[in-house]
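Every position in the sequence shown, counted from 1, becomes a number in this note's numbering once 2 is added.
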Amino acid sequence: MNAEKIREYAECWLKENSDEFNRLSDFIWENPELGLEEFGAFSAITELLRKNEFTVETNVGDMPTAFIASYGNGHPIIGINVEYDCLPGLSQQKDKPYPCPVIDGAPGQGCGHNILGTAAVKAGIAVKEAIKHFELAGTVKLFGSPYEEASVGKPLVGRTGAYKNVDAFLDWHPWHYNRADYDKCNSVFVCIYHFKGKKAHGAYPWQGRSAFDAAMLFGHALEMLREHIIPARPDAAHTINYTFTDVGAEYANVVPDKTDVQLYGRFNDLDISKDAFDRIMKAAEGAALATGTEVDREIVTYTHNKIPNKTLAEIVHKNMEYYGAPDFTADEQNFVKEMQKNAGLEPIGLRTDIDPFGESETIICDTSEFTWNAPYATFWLAMGPTSGWHNWMVTACAGSSIGQKTLARASQITTASAIDLLTQPDIIDKAKEEWRERMSGKQYECLLPKGHKPPIGINAATMDKYFQNRRRSV
Numbered sequence: 003m004n005a006e007k008i009r010e011y012a013e014c015w016l017k018e019n020s021d022e023f024n025r026l027s028d029f030i031w032e033n034p035e036l037g038l039e040e041f042g043a044f045s046a047i048t049e050l051l052r053k054n055e056f057t058v059e060t061n062v063g064d065m066p067t068a069f070i071a072s073y074g075n076g077h078p079i080i081g082i083n084v085e086y087d088c089l090p091g092l093s094q095q096k097d098k099p100y101p102c103p104v105i106d107g108a109p110g111q112g113c114g115h116n117i118l119g120t121a122a123v124k125a126g127i128a129v130k131e132a133i134k135h136f137e138l139a140g141t142v143k144l145f146g147s148p149y150e151e152a153s154v155g156k157p158l159v160g161r162t163g164a165y166k167n168v169d170a171f172l173d174w175h176p177w178h179y180n181r182a183d184y185d186k187c188n189s190v191f192v193c194i195y196h197f198k199g200k201k202a203h204g205a206y207p208w209q210g211r212s213a214f215d216a217a218m219l220f221g222h223a224l225e226m227l228r229e230h231i232i233p234a235r236p237d238a239a240h241t242i243n244y245t246f247t248d249v250g251a252e253y254a255n256v257v258p259d260k261t262d263v264q265l266y267g268r269f270n271d272l273d274i275s276k277d278a279f280d281r282i283m284k285a286a287e288g289a290a291l292a293t294g295t296e297v298d299r300e301i302v303t304y305t306h307n308k309i310p311n312k313t314l315a316e317i318v319h320k321n322m323e324y325y326g327a328p329d330f331t332a333d334e335q336n337f338v339k340e341m342q343k344n345a346g347l348e349p350i351g352l353r354t355d356i357d358p359f360g361e362s363e364t365i366i367c368d369t370s371e372f373t374w375n376a377p378y379a380t381f382w383l384a385m386g387p388t389s390g391w392h393n394w395m396v397t398a399c400a401g402s403s404i405g406q407k408t409l410a411r412a413s414q415i416t417t418a419s420a421i422d423l424l425t426q427p428d429i430i431d432k433a434k435e436e437w438r439e440r441m442s443g444k445q446y447e448c449l450l451p452k453g454h455k456p457p458i459g460i461n462a463a464t465m466d467k468y469f470q471n472r473r474r475s476v
């Protein structure tokens, strides 16, 4: 089997079909949708996949905008991650190098998922074309994951067992550098604690029970708890973040009968995460007991820590070195430099070098659910300037020719890596051996409790506020 000939065929297909995928990316950018409201993106993507002979399963994990699209037969089964949700408050015009929203306050593609998802779909279809043309054994599966920005989608899909039969997962993300390494990330849980008390006149507070008092006491308990959690490594902090999202009555003269606290917990070790998860709930229950109130916990999501895989990452890194970083024009670099000036950053433009291969630690992401089921590798490509990422500059770049350049390169690297896995089964064997060693006998079990339902509609009101004529179903 001539692997190089197969790669050349797929690469030619990618170049000849760029326009259709640029239009898909533009559509998702122009119609930004928050988590579990991605009806337009879902419909456009799944329609394109069906047109290209994929079998599409929908409503995966009881999420209307989740899908699994498959083509081929037998093993190896190569999974590719697809994301398409956006972020609140990051609307931005693509041709303005300064903050200038399309709609003030509206959502926008401030993480670049319009090109992330489109590049994954483009690569998946290119791999399908190679499988079909060369009659290759194997299957390509695209996993459409809603609401990545809150790490919601993949645990719910993982709970169905959909990841268990996959041989390897490939992924990528737009970023401010070019890197393909074997990275780790923390386990994360997101919870909302609902404290319930009893209203009363401020002049007769003994007749009420303050939910706000309970929440403040809970916050104080969390501050005490930090000291008694096993420390993390210097490069991966254990963090607990919380905020009061609803404090009840707006007048101090009313004892508040409700207060909600949203909490994020991030831990690099699952055992430490589970211990903190249980102790935090006990702190909430103690605060409620001390104030004569009640508390319920609503779990938004709970993900595993990521299991790295050097073997698979080396293949992706090799392909990144072969194709190189995205090739931006002088005009595109000048546009980014102008943005950087207006953001108070050094005007250096976008990076075009590739970081050395190695181990690293990245931010949280629910792709960690993949890694507890099979070997996984991801890579990062420059698309926007560094400044905490989720910002207006990312939105602008994701909707411009800059985003299209990064999209094209990402699809090449993903396609080539998938073809390597299809044509060289020893790579998967070696990657699986490493995966089993790192797992040390651990088995994947979804961390969400039995009966947990996806938070359908959690972002509907925000979407309705800014996009009255948007699509509301699939």
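Don't be surprised by glycine CBs; every beta carbon is placed ideally from N, CA and C.
Beta strand (DSSP E) runs wholly inside the segment 220–277, at least 3 long, in chain order: 241–248, 260–269
For tryptophan 177, the residue or residues it bridges with in DSSP: Ala384
Enclosing beta strand (DSSP E) for threonine 416 [first to last residue]: Element bounds for threonine 416: not the beta strand (DSSP E) but the alpha helix (DSSP H), 403–425.
Simplified DSSP state of tyrosine 11, which is helix, strand or coil: helix
Whole-angstrom distance between methionine 226 and leucine 158, CA atom to CA atom: 32 Å
Limits of the unbroken alpha helix (DSSP H) element including glycine 42: 41–53
Beta-carbon contacts of glutamate 55 that lie in its chain and below 8 Å, excluding the five residues immediately before and after: Tyr73, Lys130, Lys134
Contact under 8 Å by Cβ, threonine 1 with isoleucine 30: The first residue shown for the chain is 3 and the last is 476, placing residue 1 beyond what the model contains.
Span separating the alpha-carbon of isoleucine 232 from that of phenylalanine 269: 10 Å
Pair within 8 Å by beta-carbon distance, alanine 379 and asparagine 311: yes
CB of lysine 477 within 8 Å of CB of valine 257, strictly: A query on residue 477 cannot be resolved here, the shown segment of the chain reaching from 3 to 476 and no further.
Closest Cα partner of arginine 299 within the set Ile282, Ala315, Leu291: Ile282
Bounding residues of the alpha helix (DSSP H) (the contiguous stretch that carries alanine 2): Here the chain covers residues 3 to 476 and nothing more, so residue 2 does not appear.
Local conformation of serine 475 per DSSP, three classes: coil
Counted within 10 angstroms of its Cβ, other Cβ atoms place proline 451 as buried (16 or more) or exposed: exposed
Whole-angstrom distance between tryptophan 374 and leucine 272, CA atom to CA atom: 12 Å
Reduced DSSP category for glycine 74 - H, G, I as helix; E, B as strand; rest coil: strand
Proximity below 8 Å, CB of proline 109 to CB of proline 34: yes
Range covered by the beta strand (DSSP E) that runs through histidine 305: Note on identity: in this sequence residue 305 is threonine, with histidine being the wrong assignment. Note, threonine 305: beta strand (DSSP E), 296–305.
Contact the segment 282–297 vs the segment 166–182: 3+ CB pairs below 8 Å: no
Three-state class that DSSP yields for phenylalanine 136 in the structure shown: helix
Beta-ladder partner(s) of threonine 141, from DSSP: Gly74, Ile79
Sequence-distant residues of its chain with Cβ nearer than 6 Å to alanine 481 (five each side left out): With the chain covering only 3 through 476, there is no way to say anything about residue 481.
Which listed residue (Cys102, Gln335, Ala122) has its alpha carbon closest to that of arginine 411: Ala122
Residues that DSSP places opposite histidine 196 in a beta bridge: Asp262, Asp298
CB of glutamine 111 within 8 Å of CB of threonine 464, strictly: no
Anticipated Cβ contact below 8 Å, asparagine 188 with serine 147, distance rounded: Contact doesn't hold; Cβ gap of about 18 Å is too wide.
Distance CB(isoleucine 309)-CB(methionine 441) smaller than 8 Å: yes
Local conformation of aspartate 280 per DSSP, three classes: helix
Backbone CA spacing between glycine 42 and leucine 172 [nearest angstrom]: 24 Å
Local conformation of serine 93 per DSSP, three classes: coil
6 Å Cβ shell around aspartate 215 - same chain, five flanking residues per side excluded: Thr293
Three-way DSSP call (helix, strand, coil) for glycine 443 in this model: coil
Residue environment, glutamine 209, which counts as buried when at least 16 other CB atoms sit within 10 Å: exposed
Chain-order list of residues whose beta-carbon lies under 7 Å from that of valine 249 (same chain, five-residue window excluded): Phe214, Pro258, Thr261
Own chain, CB closer than 7 Å to isoleucine 39, minus 5 neighbours either side, in chain order: Rather than isoleucine, the amino acid found at residue 39 in this sequence is glutamate. These residues qualify, in order along the chain: Asn461, Ala462, Met465.
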